[in-house]
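K.L.:
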Amino acid sequence: MKKNVFALLLALMLVVSSGAMAMTAGTYEAEAQGMMGMVKVAVTVSENAIESVEVVAQNETPGLSDPAIANVPAAIVAAQSLAVDTASGATVTSNAILAAAEAALSAAGADIEALKAAAAVETAEAKTIEITTDVVVLGAGGAGVAAAVEAYDAGAQVVLLEKMGVIGGTTATSQGMVGAYESKYTKEKDVHYTFEEMYGNLMNNASYRLDPALTAITIE
Ligand SMILES: Cc1cc2nc3c(=O)[nH]c(=O)nc-3n(C[C@H](O)[C@H](O)[C@H](O)COP(=O)(O)OP(=O)(O)OC[C@H]3O[C@@H](n4cnc5c(N)ncnc54)[C@H](O)[C@@H]3O)c2cc1C
2 MKKNVFALLL ALMLVVSSGA MAMTAGTYEA EAQGMMGMVK VAVTVSENAI
52 ESVEVVAQNE TPGLSDPAIA NVPAAIVAAQ SLAVDTASGA TVTSNAILAA
102 AEAALSAAGA DIEALKAAAA VETAEAKTIE ITTDVVVLGA GGAGVAAAVE
152 AYDAGAQVVL LEKMGVIGGT TATSQGMVGA YESKYTKEKD VHYTFEEMYG
202 NLMNNASYRL DPALTAITIE
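Quick note on numbering: the sequence shown equals residues 2 to 221 in this note's numbering.
1. Smallest Cα separation from Ala50: which of Lys41, Gly110 and Glu197?
2. Going by beta-carbon coordinates alone, are Ala80 and Ser47 separated by less than 7 Å?
3. Nearest-angstrom Cα distance between Asp112 and Ala23?
4. Quick one: Cα of Ala115 to Cα of Leu83, how far?
5. If you draw a straight line from the C-alpha of Ala182 to the C-alpha of Ala207, how long is it?
6. Determine the burial state of Ile218: buried for a count of at least 16 other Cβ atoms within 10 Å of its Cβ, exposed for fewer.
7. For ligand 1, list every residue whose C-beta falls under 6 Å from any of its heavy atoms, going in chain order.
8. Is Val159 near Ala147, with beta carbons less than 7 Å apart?
9. With distance defined between alpha-carbon atoms, name the residue in Ala71, Ala152 and Ala101 nearest to Ala91.
10. Taking only three categories from DSSP, how would you classify Val159?
11. Within the chosen definition, does the stretch 171 to 182 reach the stretch 97 to 109 through at least 3 CB pairs nearer than 8 Å?
12. Does the Cβ-Cβ distance between Met199 and Ile220 come in under 7 Å?
13. How many whole angstroms separate the CB atoms of Ala101 and Val40, which I take to be in contact at a CB cut-off of 8 Å?
14. For the alpha helix (DSSP H) containing Gly145, list its first residue and its last residue.
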């Protein structure tokens with residue numbers, strides 16, 4: 002049985018420039034604290050426009066920070082404003098880019114208050130799209146991506162929906178440890194744990210707030 006899927010597109014925000022520009026033309030660099038260190042941007046301005054914003058140095062988490070690095074500088078230029086949206090799931094990196102851009106624009110003599118003022122906004126009409134598919138997977142973390150791949154490999158048409166600006170979920174931050182006891186790998190290393198020790202370790206890590214039945218399944 003096919004399922005109908007209705008995907009609601011987010012309204013497109015068209016930001017109109019404040020027009021309050023009077024800067025010294027040139028390229029200005031500045032940096033601000035991100036999630037994993039300093040984020041440096043280079044902002045090039047003419048006397049009356051922000052010509053480009055580029056992230057020139059950063060050590061943010063690959064993948065998670067990509068939407069911020071790709072979209073926030075472009076949004077500042079497109080809107081000629083610092084009142085732009087942050088990237089979903091990469092708020093700290095987004096805010097670092099905005100703070101660094103603000104410092105660079107300040108050095109260029111821009112009217113920061115005008116650039117940060119909520120700009121006039123035109124909201125495009127939201128669209129509803131109807132898609133017919135066999136399987137819908139909600140959430141593109143490790144479990145969702147694996148489920149989608151399995152369903153696809155089994156011959157199903159699959160739609161995988163993710164609410165964030167990037168796929169990966171908490172899986173993207175996983176340390177890569179495999180919680181297993183008496184597996185062939187632990188035996189090879191002569192490392193021995195019991196079910197109770199593994200169960201207690203997971204529960205203790207999560208301050209005993211895990212679902213007992215699901216935790217047991219995970220370990221088994
Ligand atoms: C710092 C850290 C380190 C870790 N290290 C390890 C480790 O070493 N070994 C290990 O085994 N485990 C580790 N874990 C745990 C492991 O990463 C998680 O248990 C696992 O990634 C969960 O996968 P998941 O797909 O169920 O959920 P998630 O990866 O959280 O994915 C859920 C996805 O669903 C999306 N979503 C939620 N609601 C909606 C919605 N309404 N519509 C669309 N999308 C939605 C979310 O945005 C997210 O992308 C670690 C976790 C963290 C946070």
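All C-beta atoms, glycine included, are put in the ideal place defined by N, C-alpha and C. Quick caveat, the model's predicted, so the values are computed rather than measured.
P.N.:
Let me lay it out:
1. Gly110
2. no
3. 8 Å
4. Those two C-alpha atoms are separated by around 9 Å.
5. One detail in the question is off: residue 182 reads as Tyr in this sequence, not Ala. Approximately 19 Å, taken between the alpha carbons.
6. exposed
7. Those residues that have a beta carbon less than 6 Å away from any non-hydrogen atom of ligand 1 are, in order along the chain, Leu139, Gly140, Ala141, Gly142, Gly143, Ala144, Gly145, Leu162, Glu163, Lys164, Met165, Gly170, Thr171, Thr172, Thr174, Ser175, Gln176, Gly177, Met178 and Gly180.
8. no
9. Ala71
10. Correct three-state label for Val159: strand.
11. no
12. yes
13. 6 Å
14. Gly143 to Asp154
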